[in-house]
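J.: Residue numbers (the numbering used here): 5 to 212.
We put the beta carbon where it would ideally sit given N, CA and C, even for glycine.
Treat the numbers as computed from the prediction; the structure is a model and nothing was measured.
1. Could you check what DSSP says for residue 86 in three-state terms: helix, strand or coil?
2. For residue 10 and residue 203, what's the separation of their Cα atoms in angstroms?
3. Measuring straight from C-alpha to C-alpha, what distance separates residue 50 and residue 115?
4. Within its chain, find whatever has a CB closer than 6 Å to the CB of residue 200; leave out the 5 residues flanking it on each side and keep chain order.
5. Do you know how far the Cα of residue 183 is from the Cα of residue 55?
6. Could you say if the stretch 166-178 and the stretch 72-84 meet the contact criterion of at least three C-beta pairs nearer than 8 Å?
7. Going straight from the alpha carbon of residue 96 to that of residue 65, what length do you get?
8. What did DSSP end up calling residue 149 once you bin it into helix, strand or coil?
9. Residue 34 to residue 209, Cα distance in whole Å?
10. Any idea what DSSP makes of residue 95, helix, strand or coil?
11. Would you kindly work out how many angstroms separate the C-alpha atoms of residue 8 and residue 125, rounded to a whole number?
12. Give every residue of the same chain whose Cβ lies closer than 8 Å to the Cβ of residue 160, excluding the five residues on either side of it in the sequence, and list them in chain order.
13. What's the gap between the Cα of residue 41 and the Cα of residue 87?
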């Protein structure tokens, strides 16, 4: 049980590293006071440009990957024997996203969890996340709305995972429920974007 707690807390702390905020500090600004006020890669890119935006996305994505990979490595070499490495990886995935959403360093006001969720799901099931990335790219190309592409992909991923893991009773169901929870969280965190979209005030992402 101690190892499970260690993985959960460690994954939360890893996920809580606010790379978007740190990028703003590096550029001499508080990213929370500009643009949408979000510390995610999209707002960083809008305010500071592609170099910072891509860097923040990669780092936030890597948090999810690292949390899952470290948890699986610990489970494989140390245990516990009563819980599979894959299940511990799912626990790490959820905790890393929670850390990103509610970082203690920023008074528990974090990002929307898209990049970190993508990294965690990529570490758990790369092929499903690859299909999800294709869905995101297609919807973004059609709409030019990052929020629409992110929510649509989050909603599509549980269905993709369900179809791809329908024969795996041990790992498939927990991963499906994990992706379902992440989809609900990402949709909820984008509620302001969806409201602006309905009222025609959601900004499209352009080359500028």
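T.: Working from what's here:
1. The count along the chain shown starts at 1 and reaches residue 86 at position 82. DSSP places residue 86 in coil when its eight states are reduced to three.
2. Here residue 10 refers to the residue found at position 6 when the chain shown is read from its first residue. Here residue 203 refers to the residue found at position 199 when the chain shown is read from its first residue. If I take the Cα positions, the gap works out to 45 Å.
3. The count along the chain shown starts at 1 and reaches residue 50 at position 46. The count along the chain shown starts at 1 and reaches residue 115 at position 111. Approximately 15 Å between the Cα atoms of the pair.
4. Within the chain shown, the letter at position 196 stands for residue 200. Here the set comprises 206.
5. Translated into the one-based positions of the chain shown, residue 55 becomes position 51. Translated into the one-based positions of the chain shown, residue 183 becomes position 179. Taking the straight line from one Cα to the other gives about 30 Å.
6. no
7. The residue you call residue 96 lines up with position 92 of the chain shown. The residue you call residue 65 lines up with position 61 of the chain shown. About 14 Å.
8. Taking the chain shown and counting its residues from 1, one reaches residue 149 at position 145. In this structure, residue 149 counts as coil in the three-state DSSP scheme.
9. Here residue 34 refers to the residue found at position 30 of the chain shown. Here residue 209 refers to the residue found at position 205 of the chain shown. Rounded to whole angstroms, residue 34 to residue 209 spans 21 Å at the Cα level.
10. As a working note, residue 95 is residue 91 in the chain shown. It is helical.
11. On the chain shown, residue 8 is found 4 positions in, with the first residue counted as 1. On the chain shown, residue 125 is found 121 positions in, with the first residue counted as 1. Near 19 Å, if we compare the C-alpha coordinates of residue 125 and residue 8.
12. Counted from its first residue, the chain shown places residue 160 at position 156. Same-chain partners within the cutoff: 136 and 139.
13. As a first step, residue 41 is located in the chain shown; it is residue number 37 there, counting from the start. As a first step, residue 87 is located in the chain shown; it is residue number 83 there, counting from the start. Each residue's Cα considered, the two are about 40 Å apart.
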